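*Asks:* Before I ask anything, let me first share the structure, which is written out below as structure tokens.
2 protein chains.
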Amino acid sequence: MSLPRSERTAITAVPEATVARLPVYHRALVALAERGATTVSSEELAAAVGVTSAKLRKDLSLLGSYGTRGVGYEVDYLLYQISRELGLTQDWPLVIVGVGNLGRALANYGGFSSRGFRIAGLLDPDPEIVGEKIGADFLVEVRPLDELEDVVNEAGVLIGVIATPAHAAQAVCDRLIAAGVRSIMNFAPHVVVVPSGVSVRSVDLGLELQVLAFHEQRKLGREEVRS
Amino acid sequence: MSLPRSERTAITAVPEATVARLPVYHRALVALAERGATTVSSEELAAAVGVTSAKLRKDLSLLGSYGTRGVGYEVDYLLYQISRELGLTQDWPLVIVGVGNLGRALANYGGFSSRGFRIAGLLDPDPEIVGEKIGADFLVEVRPLDELEDVVNEAGVLIGVIATPAHAAQAVCDRLIAAGVRSIMNFAPHVVVVPSGVSVRSVDLGLELQVLAFHEQRKLGREEVRS
DNA sequence: AGTTGTGAAGCTATTCACAGCG
DNA sequence: CGCTGTGAATAGCTTCACAACT
């Protein structure tokens, strides 16, 4: 019921903006560790990830006091603490639904296993694709979409990745949630609605480009005025 | 530093948070238009994209007064205004560097042409891949990486998409900028640094999953406490 | 001396609630 | 009357600047 928690895990909620930056810090620290660095100052690490040192220190202070004044942060220790906070010390089985170009890109994306993610299932309705073996860290056989519920239950999957066309996204999402999945990563260009208690993150490739085009247009507008 | 500040486009700067939502509104309005809707209220549109109606109205009011009190917004008119604001009424040639799984997924992503984006070049250093024809809206031949500068100049490319492995990202980014590109969409799992005046947006697939894992872990933590 | 950790201040974004208008 | 548009209030995030500590 009430566990004492010797290592105080974020009783004070970490703000969303900070959570979004933690994986970036994590990635930079891994690179530093590989390069053999043992300590790093807030100034150095901030420069490497493109934020201000004050922001970085504030972010890290929300997790705990893991630095040494006058010295900086020990790379390995900080890496461990961030990993723990992000849940990367656990094993996260996930399913990818839709083995088109994007689904393949995801399945072939290295660096899942090193961060605790494991592809427990690849699912597609196309009989031409079912049976194919895909993967970077290890090969996974594509299974028919009908077996979605089985795969989720067998492996205790909590994270589902939607890489289907837009029109199929909501139906797949509903099935994933009904089967027990509670976090959805949606790559389909469509808003998916979920019951409360389920988390969704969406990435729409076209959408990101539109934001860029907006900024580009602004620059062009400014140049016209100057000339 | 004292600029005269005589902008014509966006006299009142539209906040970044709003810009990020405009493409979502755009997508929802396209869907509504296809379904034959002629008007829509802030309440309806907000529900379709998953924001509050107050936020939606505030966002739209920053672009101008395009609604009718007591009625709502005319779908076609609002769609046009948002498109104009986002620069979607223009033609945006872009290059995609790196024709691995992700590069192919991007090249095959339909709905570029309908939003004003046009793939002016696909580039890859691998001779096995060079010459291949890829694409959804129209086929584009993969050209050798050496021709990056040529492609950018020929087509007047302002937007570059990096879909290379992490280690190649910064070098490709530097070459794109040197060739005249001013907006970078980075899909490589690596921070790219750019001179001021160049915009960057980064999407790291693994990074997004880490944020999800964080939320999932929180839910698990809460359940442990309850049981 | 050097760098973290953090209140306080400043800024940006969201929500509220209602006046204004069709 | 219904729905937009918006000032005012609130919440959230970032930056500042310096005390605290090694």
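Chain order of the listed sequences is C and V.
The numbering of the first sequence is my numbering, which starts it at 1 and goes up by one.
The numbering of the second sequence is my numbering, which starts it at 1001 and goes up by one.
Backbone N, C-alpha and C define an ideal beta-carbon position, used for all residues, glycine too.
This structure is a prediction, so every number in the text was calculated from the model and none was measured.
1) G160/C and I134/C: beta carbons closer than 9 Å?
2) Let me check understanding here. Comparing Cα to Cα, which of P1195/V, A1028/V and S1042/V lies closest to G1036/V?
3) What's the gap between the Cα of A1020/V and the Cα of F112/C?
4) Between V1019/V and chain C, is there a C-beta pair that is closer than 9 Å?
5) Mapping the DSSP letters down to three states, classify G1131/V as helix, strand or coil.
6) Reducing DSSP to helix, strand and coil, say where F1187/V ends up.
7) When DSSP labels each residue in this structure, what does D126/C get in the three-state scheme?
8) Given that K219/C touches chain V, what residues does it touch there, using C-beta distances under 9 Å?
9) Using the three-state DSSP reduction, which class does G70/C fall into: helix, strand or coil?
10) Please state whether the Cβ-Cβ distance between L1148/V and V1095/V is less than 9 Å.
11) Cα-Cα, which of L62/C, K58/C and E85/C is closest to E1216/V?
12) Helix, strand or coil for V1203/V? Go by DSSP, reduced to three states.
13) Hey, is R1035/V's beta-carbon within less than 9 Å of any beta-carbon in chain C?
14) Look up P93/C in the DSSP assignment and give the residues it is bridged to.
15) Just to confirm, are V1152/V and V1198/V a CB contact at a threshold of 9 Å?
16) Going by beta carbon distance, what residues of the same chain come within less than 6 Å of L88/C, once the five residues before and after it are set aside?
17) Please state if the CB of E44/C and the CB of G72/C are separated by a distance shorter than 9 Å.
18) In the stretch 130 to 172 of chain C, which residue ranges form an unbroken alpha helix (DSSP H) of at least 4 residues, counting only runs that do not cross its ends?
19) Within 10 Å of its beta-carbon, does R104/C have 16 or more other beta-carbons around it, so buried, or fewer, so exposed?
20) Kindly say whether P1125/V, judged by its beta-carbon, lies nearer than 9 Å to any beta-carbon of chain C.
21) Which bits of chain C does L1088/V rub up against, with CB to CB less than 8 Å?
22) Count the other C-beta atoms from every protein chain shown that fall within 10 angstroms of the C-beta of S42/C, then say buried if there are 16 or more, exposed otherwise.
23) With a threshold of 9 Å between beta carbons, is Y80/C in contact with chain V?
24) State yes or no: is the beta carbon of P1093/V nearer than 9 Å to at least one beta carbon in chain C?
25) Can you tell me whether V40/C is helix, strand or coil according to DSSP?
26) Does the separation of the CB atoms of P144/C and D124/C fall below 9 Å?
27) Step through the CB atoms of chain C and report whether any lies within less than 9 Å of the CB of N1101/V.
*Replies:* In brief:
1) With contacts defined as CB atoms closer than 9 Å, G160/C and I134/C fail to qualify as a contacting pair.
2) Out of P1195/V, A1028/V and S1042/V, A1028/V has the C-alpha closest to the C-alpha of G1036/V.
3) Each residue's Cα considered, the two are about 28 Å apart.
4) For V1019/V, the answer is yes, since a Cβ of chain C falls inside 9 Å of its Cβ.
5) Three-state result, G1131/V: coil.
6) Here F1187/V sits in coil by DSSP.
7) Reduced to three states, the DSSP call for D126/C is coil.
8) Annotation: Cβ neighbours of K219/C in chain V (cutoff 9 Å, chain order): L1158, R1182, S1183, G1197 and S1199.
9) It is coil, neither helix nor strand.
10) Cβ distance < 9 Å, so L1148/V and V1095/V count as in contact.
11) Cα-wise, what sits closest to E1216/V is E85/C.
12) The answer is coil: DSSP assigns V1203/V none of H, G, I, E or B.
13) So no, R1035/V is outside the interface.
14) Per DSSP, the beta bridge partners of P93/C are R118/C.
15) No Cβ-Cβ contact shorter than 9 Å links V1152/V with V1198/V.
16) Closer than 6 Å at the Cβ level, and outside the excluded window around L88/C, lie R115 and G116.
17) A contact, by the Cβ cut-off of 9 Å.
18) Within the stretch 130 to 172 of chain C, the complete alpha helix (DSSP H) runs of at least 4 residues are 148 to 155.
19) Under this definition R104/C is a buried residue.
20) No, no contact with chain C.
21) Residues of chain C with a Cβ closer than 8 Å to the Cβ of L1088/V are, in chain order, Q210 and A213.
22) Classification of S42/C: buried, given that the 10 Å Cβ count is 16 or more.
23) Judged by the 9 Å Cβ criterion, Y80/C is not in contact with chain V.
24) No, its Cβ sits nowhere closer than 9 Å to a Cβ of chain C.
25) Note: V40/C maps to strand in three-state DSSP.
26) Closer than 9 Å, so yes.
27) Yes, N1101/V lies at the interface with chain C (some Cβ there is under 9 Å from its Cβ).
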